[in-house]
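A.B. asks: The structure follows.
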Amino acid sequence: MPNPMIDLHAHTHFSDGTDSPEALALAADTAGLEALALTDHDTVDGLPRFLGMQTSVKARLIPGTELSCRFLGRSLHVLGLFVDPFDKVFQARLAEFRKSRDERNLRMVARLNELGVALTLEQVEVHRTGPVVSRVHMAVALVESGAVKSIPEAFNRYLADHAPGFVPRQELDPPTAARWIWEAGGLPLIAHPGRFAGRSFGWDEAMDDLRGAGMAGFEAYYGEYGPAEQAYFLELAARKGMAPSGGSDYHGANKPGLSLGVGRGCLRVPGEVLEGLEAARARGAWN
Ligand code: AMP
Ligand code: MN
Ligand code: MN
Ligand code: MN
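Start counting the sequence shown at 0; every next residue gets the next number (numbering that gives the first Met the number 0).
See below:
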């Protein structure tokens, strides 16, 4: 195939997407992808079903996950590509980490009630489709209750970081996230750095810190970047000697207008990116 494309960031209903692992794997072929990674938040539980589809699809299916970290007082997401879904230590670490969501969800519902929004934890829990109940499920419940008209409106008015209904949850420090991922056989990569901070941020120093924490690279291609952001982060990756990665952050119907492979329409992650990531993984931690 000329110009093979890949997508190394996507979600299913095991976290806050809407597709099943099987549907996602089939969609990789429909989209003409050479490779696709499943990277659900805080869990590897959907990966056996996803990887089980390898005999039915042409696209190479890659295991992954996405963990939330705290860095410089803000939320920084870290992808772990190639993690072993059957690693018992990693599974136990993730199960413990997920517990912090339960308390946070309770506190967010209470906060919303204080703001005059009628919502119960049960109304959120009915939207549970796997081991993770996230703010996206809360947004769906708010739409269903009539409090807002859409998921984006739910985030803008109530749920986004720093919006009135937001309550933080436990987040890992970057060295811990990187170590968990390396120890599970994976490759730690910073997800969507452009969403953490834009191009005017002090990325040179921050990337040195994050590389020192064990991060092997970052998403220079992303479903919600424009061309200028992509060019900036590609250049930064080359300059820092870090591996560029990329993906759409597809969530199915929970992120309307964002498609597998092409993101909002302009995304193209070239196949060579995967070779660079495999080389970084072969070099191992802190090299
Ligand atoms: P949580 O993991 O519960 O903190 O929820 C975070 C998830 O909410 C992210 O993974 C995104 O899928 C989604 N999200 C975060 N901010 C927004 C936003 N402004 N609009 C829509 N979805 C968002
Ligand atoms: Mn998400
Ligand atoms: Mn993310
Ligand atoms: Mn994601």
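From the three backbone atoms N, C-alpha and C, an ideal C-beta is built for every residue, glycine too.
Once DSSP output is grouped into helix, strand and coil, what is the label at residue 183?
C.D. replies: The answer is coil: DSSP assigns residue 183 none of H, G, I, E or B.
A.B. asks: Helix, strand or coil for residue 173 per DSSP?
C.D. replies: Reduced to three states, the DSSP call for residue 173 is helix.
A.B. asks: Measuring only the C-alpha atoms, how far is residue 187 from residue 66?
C.D. replies: Roughly 10 Å separates the two Cα atoms.
A.B. asks: Along the beta strand (DSSP E) that carries residue 70, what are the first and last residues, could you check?
C.D. replies: Per DSSP, residue 70 belongs to the beta strand (DSSP E) from 59-70.
A.B. asks: In this structure, what does DSSP give as the bridge partners for residue 79?
C.D. replies: DSSP lists 64, 187 as partners of residue 79.
A.B. asks: Do residue 196 and residue 216 count as a contact pair if the criterion is CB distance below 8 Å?
C.D. replies: No, Cβ-Cβ distance for residue 216 and residue 196 is not below 8 Å.
A.B. asks: Can the beta-carbon of residue 6 be found less than 8 Å from the beta-carbon of residue 32?
C.D. replies: For residue 6 and residue 32, yes; Cβs fall inside 8 Å.
A.B. asks: When you compare the CB positions of residue 290 and residue 260, do they come within less than 8 Å of one another, or not?
C.D. replies: The structure shown does not extend to residue 290, since the chain spans only 0 to 286, so no value can be given for it.
A.B. asks: According to DSSP, is residue 264 helix, strand or coil?
C.D. replies: Here residue 264 sits in coil by DSSP.
A.B. asks: Helix, strand or coil: which one does DSSP assign to residue 208?
C.D. replies: Residue state, collapsed to three classes: helix.
A.B. asks: By the 10 Å Cβ neighbour count, where 16 or more other Cβ atoms means buried, how is residue 225 classified, buried or exposed?
C.D. replies: Residue 225 is exposed by the Cβ-count criterion.
A.B. asks: Might you give, ordered along the chain, the residues of its own chain that have their beta carbon closer than 8 Å to the beta carbon of residue 88, omitting 5 neighbours on each side?
C.D. replies: Excluding sequence neighbours, residue 88 sits near 182, 183.
A.B. asks: According to DSSP, simplified to helix, strand and coil, what is residue 73?
C.D. replies: Residue state, collapsed to three classes: strand.
A.B. asks: Can you tell me which of the three DSSP states residue 6 falls into?
C.D. replies: Strand, per DSSP.
A.B. asks: Note down, in chain order, each residue of its chain lying with its Cβ closer than 8 Å to the Cβ of residue 0, except the 5 sequence neighbours on either side.
C.D. replies: Note that residue 0 scores a pLDDT of 46, beneath 50, so its modelled location is shaky and nothing firm can be said.
A.B. asks: Which residues neighbour ligand 3 when neighbourhood means a C-beta less than 5 Å away from any of its non-hydrogen atoms? List them by chain order.
C.D. replies: Result (chain order): 76, 190.
A.B. asks: Our contact map puts residue 49 next to residue 129 with C-beta atoms below 8 Å; I'd like the distance itself, whole angstroms only.
C.D. replies: That belief does not hold up - the Cβ atoms of residue 49 and residue 129 are roughly 13 Å apart, past 8 Å.
A.B. asks: Residue 77 to residue 18, Cα distance in whole Å?
C.D. replies: Taking the straight line joining both Cα atoms gives about 22 Å.
A.B. asks: In the DSSP assignment, find the unbroken alpha helix (DSSP H) run with residue 275 in it and report its ends.
C.D. replies: Residue 275 -> alpha helix (DSSP H) spans 271-282.
A.B. asks: Out of curiosity, what's the CA-to-CA distance linking residue 237 and residue 71?
C.D. replies: Approximately 24 Å between the Cα atoms of the pair.
A.B. asks: Determine contact between the segment 108-124 and the segment 158-165, defined as no fewer than three beta-carbon pairs at a distance below 8 Å.
C.D. replies: The segment 108-124 is in contact with the segment 158-165.
A.B. asks: Less than 8 Å between the CB atoms is what I'm expecting for residue 191 and residue 231, so what's the real figure, rounded?
C.D. replies: Between residue 231 and residue 191 the Cβ distance is about 13 Å, and since that is not below 8 Å, they are no contact.
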